[in-house]
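Heads up: the sequence shown is residues -17 to -1, 1 to 748, going by mature numbering (1 follows the signal peptide of the UniProt record, and there is no 0). Where is the CB? At the ideal position from N, CA and C, for every residue including glycine. Here the structure is laid out as structure tokens; the discussion comes afterwards.
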Amino acid sequence: MGAVLFSVLLSISVARAQEADPARYAIVPYPQQLVPAAGDFVITSKTRLVLPSDKTFFSKEAAQLQALIRQGLGQALPVAAKAGNGTIVLKQDTQLAGEEDYTLAVTPQQVTIAAKTPTGMFRAVQTLRQLMPVAIEGVKNAKLAKMAIPAVKITDHPVYGWRGMHLDVSRHFFSVDYLKKFIDLLALYKMNKFHIHLTDDQGWRIEIKKYPLLTEQGAWREFNNQDSVCMEKAKTNPDMAIDQSHIIRKNGKTLYGGFYTQAQMKEVIAYAAARHIDMIPEIDMPGHMMAAIKAYPYLSCEGGSTWGPLFTTPICPCNEKTFEFAENVYSEIFALFPSEYVHLGADEVEKSSWAKSPLCEGVMKANNLKTVEELQSYFVKRMEKFFNSKGKKLIGWDEILEGGISETAILMYWRSWVPDAPVKAAKNGNKVIMTPGNPLYFDGIPDRNSISNVYHFDPVPKGLTADEAAHIIGAQANTWTEWIPSEKRADFMIFPRMTALAEVLWTHRQDYDNYLLRLHQQYKRLDQLKVHYRMPDLDGFTDDNVLVGKTVLKLQKPAPDISIRYTTDGTAPTMSSPELPEAFIVPGPGTIKLASFSPSGSSSDIYTLNYRKQSFFPPVNVEGLQSGLQVQYFGSSYKGVTKLPDTADSIVHVSNAIIPEGMGKGGKAFGAKLVGYIEVPETAIYSFFLTADDGANLYIEGDKVVDNDGWHAPVQKSGQVALQKGLHPFELKFVEGGGGYTLKLEYRVNGGKIQAVPDSWFKRK
Ligand code: ACM
């Protein structure tokens, strides 16, 4: 054996030996370096805690560790002066590089945690917590006699400094208790920024002492059309019911709303700070200000605010009284929130009232501003000067690029359909926080691909040098709550995909299968913490299925303690519906509804499986075909694929079922038909999985195999077709309503893996 080969084999076997068991070390986000070891350190009431000589340095983190131990054993540990057998030692290590860095060494004799700062120590305690039994979570006293911690050596630090979550408390309101629960979960997964979207058209949620009407009036509304959608959905999904605690009766009217007093917000900020999480306030302006303008009509150029084609009338950047208001509001916000970063918003501004305003005409002339976009920049830049004068740094949504950005503003990128925005900003030297709608808008309804999409998200956009990439300071997921009317629904939308984001941002390790195994353990912790997360998906079927002879439905349970239940009468499965047998013979054409249930009674999405009879389609015989598909392009806006006309505006060719690059550039609406043949290698029932934003339908042999039509965010729909080996007519119709699209076609055959359809299967005339 050659030396090189030998050393390769040796390093493989070393790596194997050190591969950590994901159930034993179920840490999320995974540490940068983890060396597993045999044996456990066992915490009992005799274990002692050893603090550094400066007892105050880690005193808060020591108390937090003691609280976790008390939850397990029912009592805190006695403190000892010296390290030794049976001690947990907290140490300061000034040699560590970053303030969040830490090391954790667990041997059967001793636990040693070292960090440079209290922040690093807090992160380390969260790691240790995830190595403790899940029984300690969410209880006052689990009455454990001992807690075994697996031996390990961990060296850890985050890759990104901005590991954020956003919550919109305007569209629907969330209690102080829920904010604390949210913060606890951020802390558990080492997230460090909580961006709270405090104001919008639908409600003003923070007390401002100088302008009492902002909350007296602006925090309350009659039910709006978003509430109506939620109420309609609540008929079949109790999570969509509006939280009753935010509904009041006033002057004979039913009103929805609520706000945080400054005292309450101080308490929440302190709660976050104790968990080393910064709270970033956003008072969104100059747009999204209807709640404020209704209370103070002088704030807009025309007095009052109404809905325009897309957005509401903004405040007027041409009136000094607007700046006086904005600065007064922000002065109170600055006094409340210690964060050096503050979010001005500045997204989605309907500027027509500025264009019509004589005041604005004067301001634009005086400041040599050519467009209303430049007028928006003038507003943002003036506000940034004010922020800076108070020691604050301004963050704005990516629209702040449009009329010219300052050198120092921080760009929060969200518009997936403007892919060059973060690239431009980073090249300009601005810091950038990535929150692209796809996949980081957690108000998008999660499906079976959501976790993977988040896990495989790369915060650094293409087209940056390494130096420029350093301007990408991290990423964040945003949770807009127009259609999230309850705390349970918020949990469902955010979890578990936030844990994938946490791993992207802390570790940036790409080992999805291993992550899923660890996530599986995390579900137990989340169960204990009463997090109403989205249950793991059921797999092994499609939405539309074909019956060819006797058809057996065989599903694997996501976990042994989960039950899968079904109905065949169209009703939603409940805990008392029959359990699906291991091999279920489909009784005939019709509908089967499935759902899974955890032992605690949490239920999954409801899966509707439609069955129809089919025979295998015989192949067609066509000569002289070329590889690929024809793309017929239609350059208008179509609400659905059935609206596409017969005659295309232009025709191009592609190698697979994809939209060619450049089509729909700049967020344009369009339609497309991908036409040709699909050549399948064997006679079988083929399952196709079609992910589309907006709508797409798949037809094979003229038979509608997948219906994913209509305008929507990326959604996967699936269907089956029974095909004999050979060539079959293929057509995929697609519509994009504007704003950026997704189109992906995958297949599965004979219970195999879901995979891309190979190029070699596509043929065209
Ligand atoms: C946004 O989603 N309007 C930032």
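1) Please classify S283: is it buried, with 16 or more other beta-carbons within 10 angstroms of its beta-carbon, or exposed?
2) I need the boundaries of the alpha helix (DSSP H) containing D690, first residue and last residue.
3) Is the distance from the Cβ of K99 to the Cβ of L73 below 7 Å?
4) Could you check what DSSP says for P19 in three-state terms: helix, strand or coil?
5) Would you mind sorting V740 into buried or exposed? The rule is 16 or more other CB atoms within 10 Å of its CB.
6) Is there contact between the stretch 378 to 397 and the stretch 680 to 690, where contact requires at least three CB pairs shorter than 8 Å?
7) Does DSSP put W463 in a helix, in a strand, or in coil?
8) Taking E315 as the reference, give the member of T296, H503, E714, M248 with the closest Cα.
9) Checking 7 Å against the spacing of the C-beta atoms, do V401 and Q359 come in under that value?
10) Can we count W744 as close to ligand 1, meaning its CB is less than 6 Å from some heavy atom?
11) Taking only the alpha-carbon atoms, compute the straight-line gap between V(-14) and A46 and give it to the nearest angstrom.
12) State yes or no: is the C-beta of E331 nearer than 6 Å to some heavy atom of ligand 1?
13) Determine whether the beta carbon atoms of Y172 and T482 lie at a separation below 7 Å.
14) Would DSSP call N208 helix, strand or coil?
15) Pull up the distance between the alpha-carbon of R53 and that of I26, whole angstroms please.
16) Cβ of W397 versus every heavy atom of ligand 1: is any distance shorter than 6 Å?
17) Using a Cβ-based criterion (distance less than 6 Å to any ligand heavy atom), does W380 qualify as near ligand 1?
18) Helix or strand or just coil, what does DSSP make of H149?
19) Is N413 buried or exposed, if buried means 16 or more other CB atoms sit within 10 Å of its CB?
20) Say whether the stretch 266 to 283 touches the stretch 291 to 299, bearing in mind that this needs 3 or more beta-carbon pairs closer than 8 Å, one atom from each stretch.
21) Measure the alpha-carbon distance for K129 versus P572 and round it to whole angstroms.
22) What separation, rounded to the nearest whole angstrom, lies between the Cα atoms of L657 and L715?
23) Taking just the CA atoms, how far does Q459 sit from H155?
24) Measure from the alpha carbon of P556 to the alpha carbon of each residue in D588, Q539, A705, then state which is nearest.
25) Would you list, in sequence order, the uninterrupted alpha helix (DSSP H) runs of no fewer than 4 residues that lie entirely inside the stretch 195 to 277?
26) On the DSSP letters alone, give me the boundaries of the beta strand (DSSP E) that N680 sits inside.
27) Starting from the Cα of S633, find the closest Cα among G654, I191, V514 and give me that residue.
28) My output table needs one value for Y669: the three-state DSSP class, helix, strand or coil.
29) Which same chain residues end up closer than 8 Å to W187 when comparing Cβ atoms and leaving out the 5 residues on each side of it in sequence?
30) Using only alpha-carbon positions, find the residue among E285, R112, I252 that is nearest to P12.
31) Are the Cβ atoms of A640 and L728 separated by less than 7 Å?
32) Measuring only from the beta carbon, is Q58 closer than 6 Å to any heavy atom that is part of ligand 2?
33) When DSSP labels each residue in this structure, what does M417 get in the three-state scheme?
34) Which two residues bound the contiguous alpha helix (DSSP H) that contains S372?
35) Determine whether the beta carbon atoms of I263 and S322 lie at a separation below 7 Å.
36) Just mark T77 as buried or exposed, buried being the case when its beta carbon has 16 or more other beta carbons within 10 Å.
Straight from the coordinates:
1) Taking all protein chains in view, the Cβ of S283 is crowded by 16 or more other Cβ atoms within 10 Å, so the residue is classified as buried.
2) Where D690 is concerned, there is no enclosing alpha helix (DSSP H), although the beta strand (DSSP E) it sits in stretches over 686 to 691.
3) no
4) DSSP places P19 in strand when its eight states are reduced to three.
5) Burial call: buried.
6) no
7) coil
8) Cα-wise, what sits closest to E315 is M248.
9) no
10) no
11) Unreliable placement is indicated for V(-14), whose pLDDT of 43 sits below 50; no coordinate value is reported for it.
12) yes
13) yes
14) DSSP, reduced to helix, strand and coil, places N208 within a helical segment of the structure shown.
15) 11 Å
16) yes
17) yes
18) strand
19) buried
20) yes
21) 56 Å
22) 5 Å
23) 20 Å
24) D588
25) Listed in chain order, the complete alpha helix (DSSP H) runs (minimum 4 residues) inside the stretch 195 to 277 are 196 to 199, 208 to 217, 245 to 257.
26) 678 to 683
27) G654
28) strand
29) S153, L181, L197, T198, G201, A202, F242, A274, A275, A278
30) R112
31) yes
32) Judged by which ligands are present, ligand 2 is missing from the structure shown, whose ligands are ligand 1.
33) strand
34) 355 to 372
35) yes
36) exposed
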